[in-house]
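Presented below is the structure to which this report refers.
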Amino acid sequence: MTRDQIVRAVDLSAATVNRQVNSLIEANLITERPDLVDVGAIGRPKIPLTLDRDHYCVAGMHVGALRTALVIADLRGRTLYSHAIATQEFAGMDASDAVRRLCGLLRELADRFSGRRVLWGGAAIGGAVDADTGIVDHPILNWHRQPLGPELTAALGVPVSVSEHVQAMAAADLILSGAMDHGQSGLFFYARETVGMAMTIAGEVHQPSHGAGTIAGLPVVPGILSTEPLAPLQSVIGTDATNAVAARLRIEPDASVIADHQARVLGEAVAAMRDILNPDEIIVAGDAFATHPQGLAPVQAAFDAATRIDRPLQINPTCFGVHVPEAAAIAVALSAVYVDPLAVV
């Protein structure tokens, strides 16, 4: 964008914008691109400005039940390097040792980019997160009151933000997708080994003061996925649940009948939350939404049949696909940088 375009976009005076732009240039946060000037334009050339991608980076991790992603990214959110580790490699460790080892591995990854200054660190994780202290609980990993934030701060030597992972994924779609048009309100659903939901309001992820809620216990009609007439949503989603159904029915885990019922359950669960909150948009992520041979079509069909609101609403997949855990880790770190970049530098 040029300075004139920024003035119009933010509705500030040209003098105010120029002062801020000059400060950001001096801090190596943005840079002028005279090579992008429109040579055919009439009048004084207007030099475009872009984010400076060369001086700084952020470091992040997403700790999942099956896989942990370690990632380094530039200020635009472009992944410079990422590395995935099977989280179960740390299952036999004491929880505090596992946390320190993961933080050390991210430090080693950041050291490969010694030509860049790490501005901030970010961690996204399932379970319960105290965003103020960086203390986390992850029941699946048997982590209880683990100081992930403080340990990562010590390892990286920079401030660190820690977020519940579904909220972090929702933030990634808001700030890293490149999409300028988001509804005034939205729902972000995630379903893989765990299920979760986040709300977005006026371009920001809603952060409950006592931590993220849960939809794990949302009652669903499971069909063949359970022997009970009603079951918690979490109990019928994920690898273990799928394998258990397949063993009980003596069919393969990838049988179409299992995929059909899981798609229906997910569509009805999304519809239930849509009817309560009536958001402007819905975005979904996670393997449970992506494994059906027909993609999201069966989920959308179940959603359309179950919702009680007449307004049609399309369910959209996250633009990050299978890389949404990496994007979540980046978004946690960059959110802090974007709020007040000069203070961070």
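Numbering (numbering that gives the first Met the number 0), first residue to last: 0 to 344. Even for Gly, the Cβ is constructed at its ideal location relative to N, Cα and C. Please read these numbers as outputs of a predicted model, since none were measured by experiment.
So, are the CB atoms of Y80 and L104 less than 9 Å apart? No.
Considering only C-alpha positions, which residue in the set T306, Q183, G212 is nearest to G125? The shortest Cα separation from G125 among T306, Q183, G212 belongs to G212.
What residue range does the beta strand (DSSP E) around E163 cover? That run of the beta strand (DSSP E) goes 159 to 163.
Of all the CB atoms in chain C, is at least one closer than 9 Å to the CB of A85? Absent from the structure: chain C. Only one protein chain is present.
Whose C-alpha, out of H322, I281, V161, P324, is nearest the C-alpha of P311? Ranking the options by Cα distance to P311, first place goes to I281.
From H205 to Q166, what does the alpha carbon distance come to, in whole angstroms? C-alpha of H205 to C-alpha of Q166: approximately 8 Å in a straight line.
Kindly list the residues whose CB is nearer than 7 Å to the CB of I257, restricted to its own chain and excluding five residues on each side of it in sequence; keep chain order. The residues are T241, V244, A245.
Which first and last residues belong to the alpha helix (DSSP H) in which C102 is found? Counting along the chain, the alpha helix (DSSP H) containing C102 begins and ends at 94 to 110.
Within 9 Å, strictly: CB atoms of A328 and A122: Yes. Within cutoff.
Decide if D53 is buried, meaning its Cβ has at least 16 other Cβ atoms within 10 Å, or exposed. Label assigned to D53: exposed.
Integer Cβ distance of M198 from L74, believed to fall under 8 Å: That pair is no contact at about 27 Å.
Rounding to the nearest angstrom, what Cα-Cα distance links L151 and V161 in this structure? About 10 Å.
Assigned secondary structure, L48 (DSSP; H/G/I helix, E/B strand, else coil): In the structure shown, L48 sits in a strand (DSSP, three-state: E or B).
Start and end of the beta strand (DSSP E) containing P316? 314 to 316 is the extent of the beta strand (DSSP E) around P316.
Could you name the residues of the same chain whose beta carbon sits closer than 6 Å to that of P221, not counting the 5 residues immediately before and after it, in chain order? Closer than 6 Å at Cβ, skipping near neighbours: A230, V235.
Endpoints, the beta strand (DSSP E) within which S81 is located: It spans 78 to 85 - the beta strand (DSSP E) in which S81 sits, taken as one unbroken run.
Taking the alpha-carbon positions, what's the L50 to T238 distance? One C-alpha to the other measures close to 41 Å.
Look at the alpha carbon of E325 and the alpha carbon of H164, and state the distance between them as a whole number of angstroms. Approximately 10 Å between the Cα atoms of the pair.
Which class does R307 belong to by DSSP, given the choice of helix, strand or coil? Three-state result, R307: coil.
According to DSSP, which residues form a beta bridge with S184? DSSP lists I200 as partners of S184.
Can you grab the Cα-Cα spacing for the pair V20 / A97, in whole Å? Distance between the alpha carbons of V20 and A97: 43 Å.
Report yes if the C-beta distance between T317 and M92 is below 9 Å; otherwise report no. No, Cβ-Cβ distance for T317 and M92 is not below 9 Å.
Assigned secondary structure, G320 (DSSP; H/G/I helix, E/B strand, else coil): Helix.
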